[in-house]
Structure formats: structure tokens, C-alpha cells
Amino acid sequence: MAIVVMLFTAATGLALWWWVGRQGIQGKELISMRLDAVKVASATAIGGGGLFALYLTARRQRTQELELDQRRDEFRHTEKDAVERRITELYSKSVEQLGSDKASIRLGAMYALERLADGNPDHRQTVISMLCAYLRMPFMQPSVSFPVESAELAAGAIDKVLRQEYQEVIQEREVRMTAQRIIADHLRMERYRLERRHSVSRYWDGEFYLDLTGATLIDLDLSGCRLSGAIFVNVVFSGSVEFVGALFSECNFQGALFEGVAWFEAAEFDGDSGFTQARFKGESNFGDATFRGVASFNETRFDGEADFGSVIFEAASFRGTVFNGPAYFGNVVILGATFEDVTFAHHPTFVKAFVGRNSLKAPMQALGWVVDETASVSIEGHEGLWAPLVPVPSVLSSTPIRR
Numbered sequence: 153m154a155i156v157v158m159l160f161t162a163a164t165g166l167a168l169w170w171w172v173g174r175q176g177i178q179g180k181e182l183i184s185m186r187l188d189a190v191k192v193a194s195a196t197a198i199g200g201g202g203l204f205a206l207y208l209t210a211r212r213q214r215t216q217e218l219e220l221d222q223r224r225d226e227f228r229h230t231e232k233d234a235v236e237r238r239i240t241e242l243y244s245k246s247v248e249q250l251g252s253d254k255a256s257i258r259l260g261a262m263y264a265l266e267r268l269a270d271g272n273p274d275h276r277q278t279v280i281s282m283l284c285a286y287l288r289m290p291f292m293q294p295s296v297s298f299p300v301e302s303a304e305l306a307a308g309a310i311d312k313v314l315r316q317e318y319q320e321v322i323q324e325r326e327v328r329m330t331a332q333r334i335i336a337d338h339l340r341m342e343r344y345r346l347e348r349r350h351s352v353s354r355y356w357d358g359e360f361y362l363d364l365t366g367a368t369l370i371d372l373d374l375s376g377c378r379l380s381g382a383i384f385v386n387v388v389f390s391g392s393v394e395f396v397g398a399l400f401s402e403c404n405f406q407g408a409l410f411e412g413v414a415w416f417e418a419a420e421f422d423g424d425s426g427f428t429q430a431r432f433k434g435e436s437n438f439g440d441a442t443f444r445g446v447a448s449f450n451e452t453r454f455d456g457e458a459d460f461g462s463v464i465f466e467a468a469s470f471r472g473t474v475f476n477g478p479a480y481f482g483n484v485v486i487l488g489a490t491f492e493d494v495t496f497a498h499h500p501t502f503v504k505a506f507v508g509r510n511s512l513k514a515p516m517q518a519l520g521w522v523v524d525e526t527a528s529v530s531i532e533g534h535e536g537l538w539a540p541l542v543p544v545p546s547v548l549s550s551t552p553i554r555r
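Structural data, given as C-alpha cells:
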């Protein structure tokens, strides 16, 4: 660049010198004009030098900016790598601590994983999967109740080893219930918290999946939780279980055992839901639930009262289902349903129930109810015409039925 400026200045000076000599001027006037030409060439040189200096300054600044950007990128990558290393170290340490034989260390590991997920959204599914994996590990509820009377201890009726094993089981139960609470606290939707006045929101926004296949869950409460995908195949629900107001994208409870009360009141099932071969030993309540996908209750057994009041079924299947307790389907809206080989120990109740006139897949007369073909009504929020179910006295007065 400097060479170009010098050449341009020299060329300008020579051109002006030559041009003045060609004008036919002599004497002092010639000398004066040539001096002016030199001044012009000098000014050009100075101007070119200034432009060159500006060029150098701009180039130097641009180079510094590029170097600074490069350093920033390197710093960001280095910082990100350092953060990822810290996360990996914390995660690995927590996972290792989950295998400790001390309950306090296992509890600390779970809370450490929770803090990790709180500050790093990209790792939340990993943490949830880890907690689910822990809950899938075998667990047996204690079969002996402690503490015992001091007289029994004095007589040696209870072995100290047995007592120690009992305490370890109780501690493990607390660890497992902590894992359940961590999952529930962060999947519970804000609107449910406000309705039920729960504690401060800790909701993790996003789609999360639970795989609890074969787990033993104790007094599980996932009320108001959003479950994008939930697998509860062959799960043992010990004690009560609550899914009140829960939102399921898809769920599978095949072969699950509900030992206590099961509450699914006002739950929403947006995708397919499977309860095939599940067993409800206590009361089950699906009141006000909405099944927008295929709901399968094939070969499901209800030993206690089953309440499906005000449920909306888009497509339901009850094949080989057994109702040993009262079954209530009052105010239910059935777009499509199949009842085949269903056993009712008590006559089912379909009071104020409605079915889609063009979608009923099986006659209801053997169940003690029949579609009133003479009536066609519209139901707010549901398209098409609907027909009510009305009781058949001759069937309702007979013995327990099997369809």
C-alpha cells in the first residue's frame, strides 16, 4: 500500500512538472508554477500518507476485533467444556452414591441430581430416567411391624439382626418416596398448583417420559402432573395412588396391581391408554376423566367399586373385564365402546349415559340397559347426535350377569 502511494505521488509530480513545461512559460513564472506543482505533489503525498495511516489503523482494529472474537469463542467453548465436565463429574458421583449402603448418602445423591437438573434443562430427562431406574430396582415392603414391646425384646423374641433389616427397609422406603416426590414436584403443572394451593412452583417445562416397568411405588401422588409418556407395566402400587387431574399423552398400565385406592378423577388421556390385565383391589375412581384415544380395559379386574361417572370415551374396549364390585357409568358419554364377555357381580349403572347413535359397537341390553332409538339429542361440546341409555327392568331384576 505504501509503495502505491509513493508511486502515485511521484507520477502526479512528474505529470504536473511535464504539463507546466509544455505551457510555453519562461522565467520566473515557470519557476513559480513548477513550485506550485511540487506543492501539489507534496500535498498529494501527505494526503496519501494520511489515507494509508487510516487504512493501517482500520486494519489493525479489525485484526484486533477478529482476535478478540476468536478469544471469546475459545473462552466460551472452554467454559462450556468446563461446565459439561462439572456436570458429568457431579452426575457420575451422584450415580455412584445411589449405590451406597447408607440411606443418608442415597438421599443426598438424589437431591444433588435434582439441583443439577434445576440448573441444566438439557439434563432433566436424564435425571428423571435415573430416578426411574432406581425405582425399578427390586423392593419388598417390610412384613414385620416395629417397634415391639420391651418385654418381647427382653425375652429375645425379636432378633437384633431382623430389627436392623427392618430399619434398613424403612430407610429405603423413605429414599424411594423421596425419588417419587422429586419427580412429582417437577412435573406438576402450574394450573393444578394454583387450584390446589400447592407449594411454590418447581415445574420443569417440557416433554418428559417415565419408564417405571415392574417398579414398586408407595403412596404415589402424580396429581396434576404432565406425563408425555408413562410406562407403568407390571407396577405394584402399594397404598393409595393419585393421578387426579393428570395429563397423559400416552400411558400403559398393563398388568399393574393397585393394592389400595386408585384416583384418576378428572385425568385427561390425550393418547392411547392401556389398563389391560390390570387389577384394582380397592376402590377406583375415574370420574370426569376424558379418554381421547383408545382406552383398553381388556381383562382388567375391579375388586372394589369402579366409578366411571361423567367420563368421556372416544373409543373404549371392555373385553373380558371383571367387575366384582359396583360399577357406575352415570352421565358417561360414549362415542365408541365395546363390552364383550364382561362380568358384573352387581348390575352396572348407566343413568343419564349417552352413546353416539352411529358408533355403538355392541348392544347393551344384556347389561341391563338399552339404547333409546326414539331419542336423539345434542350434547354441548360434542358433535353429532346422541341417544340415551335406558334401563331394562326384566334384566335389572335378574341375577348377576355376564355379557
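For the sequence shown, the working numbering gives the first residue as 153, with consecutive numbering after it. Here a beta-carbon is modelled for each residue, glycine too, at the ideal position from N, C-alpha and C. Since the structure is predicted, the reported quantities are computational estimates derived from the model, not experimental observations.
A direct Cα-Cα distance of roughly 13 Å separates residue 409 from residue 456. Taken in chain order, the whole alpha helix (DSSP H) runs of length 4 or more contained in the stretch 216–271 are 255–271. Remark: C-beta atoms of residue 335 and residue 369 do not approach each other more closely than 8 Å. Following the DSSP letters along the chain, one finds residue 276 in no beta strand (DSSP E) but inside the alpha helix (DSSP H) bounded by residues 276–287. Residues of the same chain with a CB within less than 6 Å of the CB of residue 468, apart from the 5 flanking positions on each side, are 447, 489 in chain order.
Taken through DSSP and simplified to helix, strand or coil, residue 480 comes out as strand. Between the C-alpha atoms of residue 380 and residue 500 there is a straight-line separation of about 33 Å. By the CB criterion at 8 Å, residue 449 and residue 470 fall inside the cutoff. Contact check for residue 342 and residue 361: beta-carbon distance about 20 Å, past the 8 Å limit, so the pair fails to qualify. Contact between residue 477 and residue 458 holds, with the beta-carbon distance rounding to 6 Å and staying under 8 Å. Within the model, the alpha-carbon separation for residue 280 versus residue 332 is close to 10 Å.
DSSP places residue 466 within a strand segment (E or B) once states are collapsed to three. The alpha-carbon separation between residue 441 and residue 248 amounts to approximately 41 Å.
For the pair residue 236 and residue 364, the Cα-to-Cα distance works out to about 28 Å. Ranking 264, 384, 523, 254 by CA distance to the CA of residue 325 puts 254 first.
According to DSSP, residue pairing for residue 385 in a beta bridge does not occur. Contact between residue 505 and residue 540 is confirmed by a C-beta separation of about 7 Å, below the 8 Å threshold.
DSSP places residue 442 inside the beta strand (DSSP E), whose first and last residues are 442–448.
As DSSP reads the structure, residue 492 sits in a beta bridge with 471. When secondary structure is reduced to three states using DSSP, residue 205 falls in the helix class. Taking residue 498 as the centre and dropping the five residues before and after it, the same chain places the C-beta of 478 closer than 6 Å to its C-beta, in chain order.
Restricting attention to 419, 402, 422, 387, the CA atom closest to the CA of residue 411 is found in 387.
Non-local C-beta neighbours of residue 265 in its own chain, meaning closer than 6 Å and more than five positions away in sequence, comprise 246, 279, ordered along the chain. Assigned with DSSP and collapsed to three states, residue 339 falls in helix.
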